Amino acid sequence: MANMKNPYSYIEAEIVDIVDETSNIKTFMLKPREGIGFRAGQFMDVTVPGVGEAPFTPSSDHNVKGRVDFTIMSAGRVTRILHGMKTGDRLGLRGPYGTAYPLDKFKFKEIFIVGGGVGLAPLRALLYALFNQIGDYKKIMVRYGARTSKDLVYKQEIDSWRQKGSKVDVELTVDVGDDIWKGNVGIVTTILKDLKLDMDNAVSVVCGPPIMMKFVTIKLLDMGFADRNIYLSMEKNMSCGIGKCGHCRIGPYYACKDGPVFTYDKIKDLSNIWE
Amino acid sequence: MEKKFYTITKKDFFDLFGRLLANYRVIVPYAKGERLYFDDFCPEREDEIELGGIRQSQPMKSFINPAREALIDARKRDSRPVILAGVKACDLSSLILQDFVFLQGDVEDPFYAEGRRKAVLIGHDCTYARETCFCLAMDGAPYPQKYFDLNLSPAGESFIIEIGTIKGSSIIDNFKMFFKEIDHRQAESRQANRDHVSAEVKAFIDKRGTQNTARIKGAVKNSYNKTELWQDFASTCVECGACNLVCPTCHCFILYDEKQRDFAKRYKAWDACLYKTFARVAGGANPRRHLYERLRNRFEKKFDFFPQVLNYFACTGCGRCIEACPGDIDLREVLKGCVLGKWNKPPHG
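Line by line, the protein sequences are chains A and B. Using the working numbering, read the first sequence as starting at 1 and increasing by one per residue. Using the working numbering, read the second sequence as starting at 1001 and increasing by one per residue.
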């Protein structure tokens, strides 16, 4: 196999820092040995050597070279072992795969971002990209919900987003309140109201658990968003990343190649999209 | 060699195989009861070799895209090119799909590309048909028309050999002494055999009322939401995945890693969409939780997805899935059920 580009092989990457976001979510900051870039919305396969790999969308700024962050929930076999790893340990990276958020199409528009739980991770990469060219966008609104206040990710950082100026507007909610939490209590759809949006010039970008995306989409349609202006991250079993292994097919698409972000008009007639 | 047809005696052909062993891994079909199985050419077992007949029990893809292959730290890969002889049309025609998946798109699969490039495919006309054969309904024929490097047709104690590619002709060029000119009579006998076997296949299709591509078009899509129909089709499915593994057009695979002392190894292995975990994600979501959804997915992929993306019905009519299914699920009957919108469940047992 010498001299042959192997799409199933990976580049080594060192864990340079780990941030505990919640009890089961950590952000891993990686330094790849070779240059491996991405555009916000694209994903990579992260390998725990000898254990396996899983697909994640980077949560860091795509303009920062030589570093890539992933915010990962411990959910399966690979991520459980990953959560036990330390700074200095080595992982593998291959990618990037899939399509990026179409920033060109977002220009001069009101961007309405809705996140649920660890689903804020790819949206953070998008926010960095938007903040980098903040002059190009009319408004950037973020609505983010998690189960409890302890389950919110990027808690420190979210405050700094609010200080980006009058164009940026952030609201948070938790499903279940507690003594510390002073904000809204209720699922994320409860903070999607009383909004003055210019629907002809607005797009919504959603990422979160399937059930949350389903109800958020219903709400967004109700608010007047057109099907083609709702961008959804489809969590499918993306394995090879290059449209060959067959696992992530949704109707005529492969999530790894044609997604993982789809506009609602493309997928609304396909079966079981929310599962 | 500019001519397209030659003839060679069976004895000379096996002698040729013996000589090719120096540089190739030669795989031929052996008869075992009513079935044929590919295995390494062994001159001592010449009596058991059956190059004709129908398709073998293993799909040809086993030798181009192995059931399991190491992708990282592939330390011992047999680098000899494979000569695969006696391949039938219903395997060869699947290459349109396998090539599309693995060679086209943004990235080529270099492992498939190497297996495909190195393999010499020697086809053979079918010499009879079995009840499960329905290639003609799927726009195929019981004799190779494409994708062969060389093709054999029976002619008494000789073969008529047709050259399909330069790769095929270069093998002949190296052993010119074995090959003779074809005569008119032999050419006619080749056509007579082809017509005869085609008529056998057609009789099986007609007897069962097997639907052809013109009738199947759109049928799976149109019956997609007939949940009860699919539940009926899947009622005897045991989720073994045999239909996937024996299918010449199934291409799905799984990647998995293994720790081996001081290094990590990655494998690619055939996967089956009938398995419950096929589309499941780590968070637990599964778009095809129910078995009937997974069986339906198999048909959707073959008779709706591939017609959309490749303008191709992803079935060659080889009938292996029908024989392999322990639940007696018959692809022809499922398609008929989709076309007619109803299914008369046969008494099981």
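Idealized CB from N, CA, C, for every residue including glycine. This structure is a prediction, so every number in the text was calculated from the model and none was measured.
For a cutoff of 7 Å on Cβ pairs, would you count residue i as touching chain B?
i, result
"Ala-13 (chain A)", "no"
"Lys-244 (chain A)", "yes"
"Pro-102 (chain A)", "no"
"Asn-3 (chain A)", "Interpretation of Asn-3 (chain A) is limited by its pLDDT of 40, a score under 50 that renders its predicted location unreliable; no figure is taken from the coordinates."
"Ala-125 (chain A)", "no"
"Gly-88 (chain A)", "no"
"Glu-171 (chain A)", "no"
"Val-185 (chain A)", "no"
"Asn-24 (chain A)", "no"
"Val-51 (chain A)", "yes"
"Tyr-8 (chain A)", "yes"
"Gly-76 (chain A)", "yes"
"Asn-229 (chain A)", "no"
"Glu-235 (chain A)", "yes"
"Pro-260 (chain A)", "no"
"Ser-59 (chain A)", "no"
"Pro-252 (chain A)", "yes"
"Ser-204 (chain A)", "no"
Spell out whether any CB of chain A is found under 7 Å from the CB atom of residue i.
i, result
"Asp-1257 (chain B)", "yes"
"Leu-1103 (chain B)", "no"
"Asp-1328 (chain B)", "no"
"Cys-1252 (chain B)", "yes"
"Asp-1109 (chain B)", "yes"
"Leu-1071 (chain B)", "yes"
"Val-1026 (chain B)", "no"
"Gly-1115 (chain B)", "no"
"Lys-1011 (chain B)", "no"
"Gly-1033 (chain B)", "no"
"Gly-1283 (chain B)", "yes"
"Gln-1308 (chain B)", "yes"
"Pro-1154 (chain B)", "no"
"Met-1001 (chain B)", "For Met-1001 (chain B), the predicted model reports a pLDDT of 46, less than 50, meaning its position is unreliable and no value from the coordinates is stated."
"Pro-1287 (chain B)", "yes"
"Ala-1264 (chain B)", "yes"
"Ala-1279 (chain B)", "yes"
Would DSSP call residue i helix, strand or coil?
i, result
"Arg-1025 (chain B)", "strand"
"Cys-285 (chain A)", "Missing from the structure shown is residue 285 (chain A); chain A here goes from 1 to 275 and no further."
"Leu-1097 (chain B)", "helix"
"Gly-1018 (chain B)", "helix"
"Phe-1178 (chain B)", "helix"
"Asn-132 (chain A)", "helix"
"Asp-69 (chain A)", "strand"
"Glu-1293 (chain B)", "helix"
"Pro-32 (chain A)", "strand"
"Ile-158 (chain A)", "helix"
"Ser-9 (chain A)", "coil"
"Lys-1151 (chain B)", "Reading off the sequence, residue 1151 (chain B) comes out as Asn, not Lys. Looking at Asn-1151 (chain B) - three-state DSSP - the assignment turns out to be strand."
"Ser-1223 (chain B)", "coil"
"Ser-60 (chain A)", "coil"
"Thr-189 (chain A)", "helix"
"Gln-1260 (chain B)", "strand"
"Asn-184 (chain A)", "strand"
"Pro-252 (chain A)", "coil"
"Leu-1051 (chain B)", "coil"
"Leu-172 (chain A)", "strand"
"Lys-1268 (chain B)", "strand"
"Met-1001 (chain B)", "Annotation note: pLDDT 46 at Met-1001 (chain B) (below 50); position unreliable, coordinate value reported separately. Coil."
Assuming residue i contacts residue j under a Cβ cut-off of 8 Å, what Cβ separation, rounded to an integer in Å, is found between them?
i, j, result
"Gly-1317 (chain B)", "Cys-1090 (chain B)", "6 Å"
"Phe-1134 (chain B)", "Ile-1216 (chain B)", "That belief does not hold up - the Cβ atoms of Phe-1134 (chain B) and Ile-1216 (chain B) are roughly 11 Å apart, past 8 Å."
"Ile-72 (chain A)", "Lys-26 (chain A)", "6 Å"
"Ala-1119 (chain B)", "Pro-1081 (chain B)", "7 Å"
"Glu-1157 (chain B)", "Thr-1009 (chain B)", "6 Å"
"Phe-1278 (chain B)", "Ala-1272 (chain B)", "7 Å"
"Arg-1280 (chain B)", "Asn-237 (chain A)", "6 Å"
"Ser-204 (chain A)", "Ile-230 (chain A)", "5 Å"
Can you confirm whether the stretch 94-107 of chain A touches the stretch 14-22 of chain A when touching is taken to mean that 3 or more C-beta pairs between the two stretches lie within less than 8 Å? no
Say whether the stretch 136-144 of chain A touches the stretch 105-112 of chain A, bearing in mind that this needs 3 or more beta-carbon pairs closer than 8 Å, one atom from each stretch. yes
Complete beta strand (DSSP E) runs within the stretch 79-111 of chain A (minimum length 3 residues, chain order): 90-97
Unbroken beta strand (DSSP E) runs of length 3 or more, entirely within the stretch 195-245 of chain A: which are they? 202-207, 230-233
Is the stretch 1230-1247 of chain B touching the stretch 1048-1056 of chain B, taking contact as three or more C-beta pairs under 8 Å? no
Mind the definition here: the stretch 1153-1164 of chain B touches the stretch 1002-1013 of chain B only if three or more C-beta pairs lie below 8 Å; say whether that holds. yes
Per the contact definition of three or more C-beta pairs closer than 8 Å, is the stretch 242-257 of chain A in contact with the stretch 1099-1118 of chain B? yes
Quick check: the stretch 118-127 of chain A against the stretch 55-64 of chain A, are at least 3 beta-carbon pairs closer than 8 Å? yes
Within the stretch 1106-1150 of chain B, ranges of the beta strand (DSSP E) (whole runs, at least 3 residues): 1120-1124
Inter-stretch contact at 8 Å, needing at least 3 Cβ pairs: the stretch 143-152 of chain A / the stretch 62-79 of chain A: no
Three or more C-beta pairs below 8 Å linking the stretch 76-93 of chain A and the stretch 44-55 of chain A: yes
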